[in-house]
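**Q** Residue -13 is where the sequence shown starts when you use our numbering, and the numbers rise one by one after that.
Each residue gets a CB set at the ideal place from its N, CA and C atoms; glycine is no exception.
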Amino acid sequence: MIGQDRLLNRIHTFTYNTFPQASMFVGEYGCGKHTIVNDISLMLDMPIKDITLDISNNLLMDSYISGIPTIYLIDIIKAGSSKKLIPLQNSILKFLEEPPQYAKIILLCENTAQILPTILNRCQVFTFEKYTP
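1. Of all the options Gly16, Tyr2, Met29 and Asp36, which has the alpha carbon lying nearest to the alpha carbon of Leu(-6)?
2. Out of Ala99, Cys95 and Glu83, point me to the one whose CA is closest to Met10's CA.
3. In whole angstroms, what is the alpha-carbon distance linking Phe112 and Asp25?
4. How is Leu102 classed by DSSP in three states: helix, strand or coil?
5. Enumerate in chain order the residues of its own chain whose CB-to-CB distance from Arg108 is below 7 Å, with the five nearest sequence positions on each side excluded.
6. From Lys120 to Asp40, what distance separates their C-alpha atoms?
7. Using only CA atoms, which one of Gly13, Ile22 and Gln87 lies nearest to Arg(-4)?
8. Should Gln100 be labelled buried (16 or more other beta-carbon atoms within 10 Å of its own) or exposed?
9. Unbroken alpha helix (DSSP H) runs of length 4 or more, entirely within the segment 12 to 51: which are they?
10. Do Ile78 and Leu59 have their CB atoms nearer than 8 Å?
11. Excluding the 5 residues flanking Ile34 on each side, which residues of the same chain have their C-beta closer than 6 Å to its C-beta?
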């Protein structure tokens, strides 16, 4: 990813044991948030499961039972309208409060203005540099 050297260098200092259990990547549309998640998946040797549109109590129970180290991806941008955003964030909060020990949870968003403070407090936030023409 061009122009994101500082962020990439920071990410590559982590190992499976030191990578945050919950993290949030913040950046404008098209900056490379999904690309960096794929990079993290390779680095940690963990599959990605996008649960943005499928976060539910059943999914949470399944994640505890499976025992498979997994990166759970939640793309807040996909949530769309603010009507969907609050219920989604409440579900995210439940997942963040008691995540499976072997899970890494990665949230993606364009800005943190609409994110509940309780979610922000549970995540390590990584911010993409702004791109210039």
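**A** Per the coordinate set shown:
1. Shortest Cα-Cα distance from Leu(-6) to any of Gly16, Tyr2, Met29 and Asp36 involves Met29.
2. Out of Ala99, Cys95 and Glu83, Cys95 has the C-alpha closest to the C-alpha of Met10.
3. Looking at the two C-alpha atoms, the distance is approximately 14 Å.
4. Look at Leu102 here: in three-state DSSP terms it is coil, with no helix or strand label.
5. Excluding residues within five positions, the ones whose Cβ falls inside 7 Å are Ala8 and Leu82.
6. Past the edges of the chain, shown from -13 to 119, lies residue 120, and the structure says nothing about it.
7. Cα-wise, what sits closest to Arg(-4) is Ile22.
8. The residue in question, Gln100, is exposed, as its Cβ has fewer than 16 Cβ neighbours within 10 Å.
9. Within the segment 12 to 51, the complete alpha helix (DSSP H) segments at least 4 residues long are 19 to 30, listed from N- to C-terminus.
10. Leu59 sits away from Ile78, with the two beta carbons spaced by 8 Å or more.
11. Counting only Cβ-Cβ distances below 6 Å, and skipping sequence neighbours, we find Ser27, Ile57 and Leu59.
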